[in-house]
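Chains as they are written, first to last, in the numbering used here: chain A, 7 to 183; chain B, 7 to 183.
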């Protein structure tokens, strides 16, 4: 179940640095990859930078269509997230192969991922650092969240298949947003 | 105690998305800020992108000197990290005010932070996205780690002073580095 999420809350999903999925659609074919190299760039409208390697099958789709969805998996999806990262869309339909359900997005052709607790529809707005660094700047144009999943735990990649799951929370008086 | 860390291991520190400290030195004055908007851009040499707002006192120092240190605090330093984030180097010497110890770096004028479990000496290598996004691309030129602290837990910011501390680890067979 996906409910619209106010764009001003998007940074709270990505700033913690979770492993995410990134979907594209190109030549009538959807694909999904695993991504850890992303960061927030601005709050509202939410801007996000990410690095998608030229070696990734998604690179050509992202560059050509300038659209993608960033989907947030919780820790229960960790084996699926790793399987997605180990395979290439050149060879297989990863949605079918790994039991992920593509759902139509509203603003972009790339699909949402039904199993994820949040989905961010994105458009590429700056490609100046693509030739040198494979770095894309995205604007999140619409965001969705499953309101029935209130405190999902995400995973963080420490390299070589070693992940850390979110632990306890800590509240401190911060002036930061 | 800081021992040199091989540059090929740097991504394992930043890819999980922890809250870090960023130090600069400008006009013979060191400063330190709190940073969550960073990501890896390449493995070796390790390249890192970060967003340092024009409103931050560190912005002018980073732009002028093109040098900084990214220091990794563990969860025990969380109150200090938040205090650093709530204050500005315009007004005070944050190292003295918050009990952080600057240590000389080897390649850059910005100081290491003795209390942190790892320190990354960085040089700015691309500023094309600074005017539009305040986005700097850095190269890590030397890295240090305290070998006596084997499994430090980091903190991740979820907005408005809400942090999540690293929880349990998970190992999965990944083909990714």
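Glycine included, C-beta positions come from ideal geometry on N, C-alpha and C.
- Comparing alpha-carbon positions, the option among A:117, A:37, A:166 and A:171 lying closest to residue 66 of chain A turns out to be A:37.
- Contact check for residue 55 of chain B against residue 141 of chain B passes: the beta carbons are separated by less than 7 Å.
- Looking at the DSSP output, residue 77 of chain B shares a beta bridge with B:27 and B:125.
- The three-state reading of DSSP puts residue 49 of chain B in coil, since its state is none of H, G, I, E or B.
- Per DSSP, residue 177 of chain A lies in no alpha helix (DSSP H) segment; the continuous beta strand (DSSP E) that holds it begins and ends at 168 to 177.
- For residue 37 of chain B, the three-state secondary structure derived from DSSP is strand.
- Here the alpha carbon of residue 104 of chain A sits roughly 22 Å from the alpha carbon of residue 59 of chain A.
- Taking a C-beta distance under 7 Å as the contact criterion, residue 123 of chain B and residue 172 of chain B do not qualify as a contact pair.
- Considering only B:22, B:47 and B:11, the residue with the shortest C-alpha distance to residue 143 of chain B is B:47.
- Relative to the Cα of residue 127 of chain A, the nearest Cα in the group A:119, A:149, A:16 and A:138 belongs to A:149.
- For residue 66 of chain A, the enclosing alpha helix (DSSP H) stretches over residues 64 to 71.
- With respect to the 7 Å criterion, residue 115 of chain B and residue 145 of chain B are not classified as neighbours on the basis of their beta carbons.
- In this model, residue 107 of chain A and residue 113 of chain B are separated by some 49 Å (Cα to Cα).
- Residue 39 of chain A and residue 181 of chain A have their C-alpha atoms some 35 Å from each other.
- Within the same chain, and ignoring the five residues on either side of residue 132 of chain B in sequence, the residues whose Cβ sits closer than 6 Å to its Cβ are 143.
- For residue 103 of chain A, the enclosing alpha helix (DSSP H) stretches over residues 100 to 103.
- Going by DSSP, residue 18 of chain B is part of the alpha helix (DSSP H) stretching over 17 to 20.
- In the DSSP assignment, residue 138 of chain A falls within the alpha helix (DSSP H) that extends over 136 to 139.
- Across the set B:61, B:156, B:134 and B:23, the C-alpha of B:61 shows the shortest separation from the C-alpha of residue 91 of chain B.
- Minimum Cα-Cα distance from residue 100 of chain A among the listed residues A:51, A:27, A:165 and A:78 corresponds to A:27.
- Shown here, residue 108 of chain B sits in a strand according to DSSP, grouped into three states.
- Note that the C-beta distance between residue 153 of chain B and residue 9 of chain B is below 7 Å.
- Put simply, the CB of residue 181 of chain A is near chain B, with a gap under 7 Å to one of its CB atoms.
- DSSP lists A:55 and A:132 as the beta-bridge partner residues of residue 143 of chain A.
- A Cβ of chain B is located within less than 7 Å of the beta carbon of residue 172 of chain A.
- Taking a C-beta distance under 7 Å as the contact criterion, residue 21 of chain A and residue 167 of chain B do not qualify as a contact pair.
- In the three-state scheme derived from DSSP, where H, G and I count as helix and E and B as strand, residue 149 of chain B is classed as strand.
- Within the same chain, 161 and 169 come within 7 Å of residue 84 of chain B by CB-CB distance, once the 5 residues on both sides are set aside.
- Listed along the chain, the chain B residues whose CB falls inside 8 Å of the CB of residue 161 of chain A are 176.
- Of the candidates B:49, B:64 and B:57, B:64 places its Cα closest to the Cα of residue 31 of chain B.
- In this structure, the alpha-carbon of residue 129 of chain A lies about 11 Å from that of residue 76 of chain A.
- In the DSSP assignment, residue 86 of chain B falls within the alpha helix (DSSP H) that extends over 84 to 92.
- When the five nearest sequence neighbours on each side are left out, the beta carbons in the same chain lying within less than 7 Å of the beta carbon of residue 16 of chain A are those of 52, 126, 146 and 149, in order along the chain.
- Rounded to whole angstroms, the gap between the alpha carbons of residue 177 of chain A and residue 98 of chain A is 44 Å.
- The beta carbons of residue 164 of chain A and residue 18 of chain B sit closer together than 7 Å.
- Annotation for residue 24 of chain A: 78, 160, 161 and 162 place their beta carbon closer than 7 Å to its own, counting only its chain and skipping 5 residues before and after.
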